[in-house]
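These notes are about the structure you will find just below.
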Amino acid sequence: MRSLIVGLFVFALTGLASATVSVFSPTNGSTVSTSVHVTSTSSSSHAITKTIVYIDNNQAYTNSSSTVSTYVTVAAGAHTMVVQSWDSVGTVLKSSAIAFTANASVVPANAAKYLNIDQMSGWESCDKCAGAGGNGPTAYHSLTQGVLSPVLNGKSTQLYLQPSTAYANALWWKQLGANSSVSNFSYDLYFYMKNPSASQALEFDLNQSINGKKYIFGTQCDIKNHHDWDIYDAYNHKWMQTGIACSVPQAYTWNHLILEFQRVNGQMKFISVTLNGKKSYFNKSYNPTTSSVTELNIAVQLDGDGSATPYNQWIDNVNMYAW
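Numbering (mature numbering (1 follows the signal peptide of the UniProt record, and there is no 0)), first residue to last: -19 to -1, 1 to 304.
Okay, here's the thing in structure tokens:
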């Protein structure tokens, strides 16, 4: 009888240990927009039958799934969130409390809005031009629009890189039409990867050419080299380390990225990066290079690693605001 009781006790503890709620977004202590992206996964030895998101002790969202990927609108200010699930035998699973701060958007109402750029036609790409000095190795690459899974907003766009050799890259960009009147920019997008460790670096750029100058707001998450965010010194043609950490992004989830830039006093000012609600400030300025065209575009680049590992990246809700 004693061994039976002990066995049941151990079984019960094992069952409890395997029942967890993991919250991926927002992260504890983060600053996010008032439209909060909530993602979580609940796991148990029994089927999850219900999940509720509580914000400030009020029910904000509910479903009958083990996963949550939704947006919840909150007021500006400090908030606390808990995700709670129930399994088929009545076990209650609860996450740790997540404290976050919601800030109203910095984008003014009169800003030019370029929305759902990932679904626009006319994307261009190259491989050799994405290498050092604009003359790198070739790589098979493709862009597929209208993808139904994974998806956030109806349809996503899939980028694929298959390097022909080590450190081959591919660059995709979308021209948005010249707009010389704007000098403030917010580049806001989501990206999803199944094998982010296959990437050498992930690059996200915004380019404006005006009055004979090209302002290259180049940023990259340097996954395998310096493990930080780098920004581009266009005049001297080199990447500059910022010391802002950026290692391997989360896999099998949508990562939310916001980059803020400004063209001011004839320079490119890199203001900030916000990844999954965590905002860090670059506060660095560099001189532009020369250009003979007038343009405004955004770009995404996938960098191959030393093993020439192929990989995919999905992008969705790709928006850019300029004023």
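Ideal Cβ positions, reconstructed from N, Cα and C, are used throughout, including at glycine.
Item                                                                                                                                                                          : Value
Rounded to whole angstroms, what is the Cα-Cα separation between Lys194 and Val73?                                                                                            : 60 Å
Which ranges does the beta strand (DSSP E) cover as unbroken runs of at least 3 residues, wholly within the stretch 189 to 249, from first to last along the chain?           : 194 to 203, 209 to 214, 219 to 226 and 235 to 245
Give me the Cα-Cα distance between residue 307 and Ser145, rounded to the nearest whole angstrom.                                                                             : Outside the displayed range of the chain (-19 to 304) lies residue 307, so it cannot be described from this structure.
Buried or exposed: which applies to Val(-14), given that a residue is buried once 16 or more other Cβ atoms fall within 10 Å of its Cβ?                                       : Note that Val(-14) scores 43 on pLDDT, short of 50, meaning its location in the model is unreliable and no value can be drawn from it.
Of all the options Asn278, Leu133 and Tyr148, which has the alpha carbon lying nearest to the alpha carbon of Tyr196?                                                         : Asn278
Starting from Thr20, follow the beta strand (DSSP E) in both directions and report where the run begins and ends.                                                             : Ser16 to Ser24
When the Cα of Ser47 is compared with those of Ala59, Val53, Ala(-1) and Ala41, which residue comes out closest?                                                              : Ala(-1)
Which of the three DSSP states is assigned to Ala149 in this structure?                                                                                                       : coil
Below 7 Å between beta carbons: does that hold for Leu140 and Leu124?                                                                                                         : yes
Taking all protein chains shown into account, do 16 or more other C-beta atoms lie within 10 angstroms of the C-beta of Asp37, making it buried, or fewer, making it exposed? : exposed
Per the DSSP calculation, Leu183 is bridged to which residue(s)?                                                                                                              : Cys202 and Leu283
Measuring straight from C-alpha to C-alpha, what distance separates Ile29 and Ser66?                                                                                          : 7 Å
With 16 as the cutoff for other CB atoms within 10 Å, does Gln40 come out buried or exposed?                                                                                  : exposed
Quick one: grab the DSSP three-state call for Val299.                                                                                                                         : strand
Since Ala80 and Asn9 should fall inside the 8 Å C-beta cutoff, what is the C-beta to C-beta distance between them, to a whole number of angstroms?                            : 6 Å
Could you check the C-alpha separation between Ser69 and Leu133 for me, to the nearest Å?                                                                                     : 28 Å
How would you label Ser6, buried or exposed, when you count the other beta carbons within 10 angstroms and need 16 or more for buried?                                        : buried
Who are the near neighbours of Gly158 in its chain, counting only those whose CB is closer than 7 Å to its CB and skipping five residues on each side?                        : Leu277
Nearest-angstrom Cα distance between residue 306 and Thr61?                                                                                                                   : Absent from the structure is residue 306, since the part of the chain shown begins at -19 and ends at 304.
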